[in-house]
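Residue numbers (the UniProt record's numbering): 1 to 118.
Now the structure itself:
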């Protein structure tokens with residue numbers, strides 16, 4: 001007998017093929033990482049500290065534009081957006097882009113590949 005949540009059992013007398021027991025929510029494909037989580041994971045791997053600081057909030061209370069500064073080690077990025085969350089994501093994305101273009105990141109990738117292959 002199969003167990004599933006959220007499904008009605010077949011009418012009586014209907015032959016039922018053997019099926020996998022599924023209990024609980026249906027598995028969902030993983031969501032892509034946000035720039036913030038990607039930056040924080042990379043910072044841990046590289047051993048650098050990440051700080052976010054709100055620089056400004058401009059406009060009427062119902063229609064503000066936020067500016068946030070992100071500092072990761074020697075790299076900085078500024079992001080703006082209609083919400084603090086979006087401004088923080090944009091700042092993390094800008095910082096992440098600078099890190100990935102840097103020689104420090106390329107050295108980090110080289111060293112981590114050496115450690116994996118040795």
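Glycine is no exception: its CB is placed at the ideal position from the N, C-alpha and C atoms.
Exercise for review: Could you name the residues of the same chain whose beta carbon sits closer than 7 Å to that of residue 38, not counting the 5 residues immediately before and after it, in chain order?
Suggested key: 96
Exercise for review: Give the C-beta separation of residue 154 and residue 65 to the nearest angstrom, bearing in mind that I take them to be a contact with Cβ-Cβ under 8 Å.
Suggested key: Past the boundaries of the shown model lies residue 154; the chain is included only from 1 to 118, so the question cannot be answered.
Check your understanding: Apart from the five residues just before and just after residue 89, which ones in its own chain have a Cβ nearer than 8 Å to its Cβ?
Key -> 34, 35, 36, 79 and 81
Check your understanding: Does the Cβ-Cβ distance between residue 63 and residue 91 come in under 8 Å?
Key -> no
Review point. Exposed or buried, residue 94, counting other C-beta atoms within 10 Å across all chains shown (16 or more means buried)?
Key: buried
Review point. Can you tell which of 32, 86, 45 and 60 has its C-alpha closest to the C-alpha of residue 52?
Key: 86
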